Amino acid sequence: MPGLREQWRRTAIHTITERALDLFDERGFDAVTIEQIAAAAEVSPSSVYRYFGTKEGLLVADDFDSLSDEDLAALVDPADPVGSLLGSVLAYEAASDRIPAPTEAGETEPTSRRRVRYFFSEPSVRMAALATLDRAAKRVAPFLAPERGLSPTQAHVVANALAFGYFAALERWFTDGGTHPIAEYVEEGMRPLRAIWATAA
Numbered sequence: 001m002p003g004l005r006e007q008w009r010r011t012a013i014h015t016i017t018e019r020a021l022d023l024f025d026e027r028g029f030d031a032v033t034i035e036q037i038a039a040a041a042e043v044s045p046s047s048v049y050r051y052f053g054t055k056e057g058l059l060v061a062d063d064f065d066s067l068s069d070e071d072l073a074a075l076v077d078p079a080d081p082v083g084s085l086l087g088s089v090l091a092y093e094a095a096s097d098r099i100p101a102p103t104e105a106g107e108t109e110p111t112s113r114r115r116v117r118y119f120f121s122e123p124s125v126r127m128a129a130l131a132t133l134d135r136a137a138k139r140v141a142p143f144l145a146p147e148r149g150l151s152p153t154q155a156h157v158v159a160n161a162l163a164f165g166y167f168a169a170l171e172r173w174f175t176d177g178g179t180h181p182i183a184e185y186v187e188e189g190m191r192p193l194r195a196i197w198a199t200a201a
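The sequence shown begins at 1 in the UniProt record's numbering and counts up by one.
And the structure:
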């Protein structure tokens, strides 16, 4: 029954991620091993490796890499790629924010924010995040070219502007203390790019 298997997989991934973040917050990223994460999540180390590959992969993993071309085509609106990106960020924050985790002060912080903080505090996680964005840009570029008559080079540049512009907005969110929704930073940061895209139309 694929539906039940997929549900179990998603539950396991969420549990592993939450337990890993708990350990990273408590002991520091470098001090935690895959084996300790597996024990805290009550799964085998091989399961952690299978789902994430590395500790860095655990923090930067998302569903984008597993999307089919058909799903990706439905996700990316060539007429408004910035709007597509913003919609994805809003959906991700909304989904992740449903199950907040307690902070040291007893408040709750969404999983999405807990993960993103490590993008900018751990160099190896930043490198993994940038590699993920590079793969995403390469996948998005072909969907941008036909709609606007872009050359392959132009589509590549635009896709990278979207992917790495998003990352720059995340970094501003982190630098400012992470107290406002990430989507606000993405929307503000991408506004000039959106204006250029509209003008090009």
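Each residue gets a CB set at the ideal place from its N, CA and C atoms; glycine is no exception.
Treat the numbers as computed from the prediction; the structure is a model and nothing was measured.
Residue of Val125, Ser112, Leu90, Glu6 minimising C-alpha distance to Gly28: Val125
Taking the alpha carbon of Gly57 as the reference point, which residue from Leu90, Leu85, Ala168, Ile13 has its own alpha carbon closest? Ile13
Nearest to Asp62 (by Cα), restricted to the options Ala79, Pro45, Glu93, Ser44: Taking only the C-alpha atoms, the option nearest Asp62 is Glu93.
Coarse secondary structure for Arg5, derived from DSSP in three states: helix
Close beta carbons around Phe143, own chain, < 8 Å, minus the five adjacent residues each side: Leu72, Ala73, Val76, Pro78
DSSP-derived helix/strand/coil call for Glu122: In the structure shown, the three-state DSSP call for Glu122 is coil.
Please classify Glu109: does DSSP put it in a helix, a strand, or coil? strand
What's the C-alpha gap between Leu193 and Ser66? Taking the Cα positions, Leu193 is about 27 Å away from Ser66.
Which one of Ser121, Leu85, Phe52 has the shortest CA to CA distance from Ala137? Leu85
Could you name the residues of the same chain whose beta carbon sits closer than 6 Å to that of Tyr185, not counting the 5 residues immediately before and after it, in chain order? Excluding sequence neighbours, Tyr185 sits near Ala169, Arg172, Trp173.
Which whole-angstrom value is the C-beta distance of Ile182 and Val48, which I expect to be below 8 Å? Going by Cβ atoms, the distance from Ile182 to Val48 rounds to 26 Å, so no, they are not a contact pair.
Report all residues from its chain with a CB closer than 8 Å to the CB of Ala163; omit the five preceding and five following residues, and keep chain order. Leu133, Asp134, Ala136, Ala137, Val140
Contained beta strand (DSSP E) runs [length at least 3] in the region 62-98, N- to C-terminal order: none
Inter-residue spacing [alpha-carbon to alpha-carbon] between Trp197 and Pro81: Each residue's Cα considered, the two are about 9 Å apart.
Do Val60 and Ala161 have their C-beta atoms closer together than 7 Å? no
Can you name, in chain order, every residue of its own chain whose Cβ lies under 6 Å from the Cβ of Glu122, other than the five neighbours on each side? Phe29
With DSSP as the reference, label Arg19 as helix, strand or coil. helix
Using C-beta distances below 8 Å, list every residue in its chain close to Val116, excluding the 5 sequence neighbours before and after it, in chain order. Leu170, Trp173, Phe174, Gly178, Ile182
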